[in-house]
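The next block holds one structure in the form of structure tokens; read it before the comments.
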Amino acid sequence: MMPTSSNNNFDDEPTVVIGAVTSPPANPEGQGPDHDLFGDPTPDISTAPVAGGWQPDYFWPLLGQSNIFVAASLSALNLLVQIRAANGHDNVQELRGLAEQYVQAFQESLAKGASAQDVRNIASYALCSALDEAVLTTPWGANSNWSNQSLLAEFHGDVWGGERFFEHIDMLRKNNNKNAPLVAFHLLLIDLGFEGQYRVQRGGDKVLEQLRRDLGRRFRRDKPAPVSSLLVGRADAGRTNRVRRYVPIWVVASVAALILAGGYVFFEERYEVALVPLYEKFVAIADNPLAPVRLDQ
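The number in this note's numbering is simply the position in the sequence shown, starting from 1, with 25 added.
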């Protein structure tokens, strides 16, 4: 029997309270706005490579609501993407400190957004598990001291993230309407490469893919997301609003057709590869809506 963490006393059916979201600081104290600890420009998660080589759309909400868990964890998710893509890191301890700040900011943001304690625990547990696995499955992370001071152990006194992550999904999906945003947050972490116990199980990749398909069907059956919400959920809300204002009607119709053809909320037809670059073009157009046109003589 697995040991039980003292910090994981969850209700059978925790309620996700959707309220005002206070996003965590994009750059913790001591970090510049344009570069990260890897010395690279701060990335945009919308262009992040993910497991399986396909590009999901990170702007989707669930059940017509912006996902408060995604909104509160954008900085941590960007760091997660960088870790998986990095060939090495000169100061893993410094990286560990940054990850800790992001988890703390995530927890504080959810608390200000009025999420219940048990819900915050589950969400934080999932984020810590994903960050720990991202580091420890790299050659440089596996040879570091990270395993002796994991985020999961620090914040939750637990080391069973690879199993409990999926136990939480099973518990939450019993009440899909109430817990949909939190289930979706777990699925986003899976899309970003989290495998947990299935990493070492024979045929685990197939089990993980089937889980994603099953949950996609369930979300679809319960309540499909509206087309207009595809552009919701970006950290820069003002920019999103400008994009939505200037998107022509034929674009909305095209996206609607793609969704109808997709079959699953989680984009089984992989149309995200085309959608995300188009979205960035819409952003550029919206930022300069009245750009003059010059006719060459």
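The beta-carbon is built from N, C-alpha and C at its ideal position, and this holds for glycine as well. Quick caveat: nothing in here was measured; it's all calculated off a predicted structure.
Cβ-Cβ distance between residue i and residue j below 9 Å
i	j	result
I215	L197	no
G113	A159	no
L156	A148	no
C153	V128	yes
Y223	L233	yes
G186	L177	yes
A209	N103	no
N146	H181	yes
A101	F131	yes
Y150	R121	no
E179	E125	yes
E220	G228	no
DSSP state of residue i mapped onto helix, strand, coil
i	result
A139	coil
W171	helix
V144	helix
G229	helix
H114	coil
G218	coil
N103	helix
G182	coil
S98	coil
F210	helix
V46	With a pLDDT of only 32 at V46, under 50, the local geometry of the prediction cannot be trusted, and no value is derived from it.
heavy atom of the ligand MN below 8 Å from residue i C-beta
i	result
F180	Questions concerning the ligand MN fall outside what the structure shown contains, since it holds no ligand whatsoever.
Contact belief for residue i with residue j at Cβ below 8 Å, rounded distance in angstroms
i	j	result
L240	V95	Not confirmed; about 16 Å, so no contact.
**Q.** Ordered list of beta strand (DSSP E) runs contained in the stretch 184 to 208, each at least 3 residues
**A.** none
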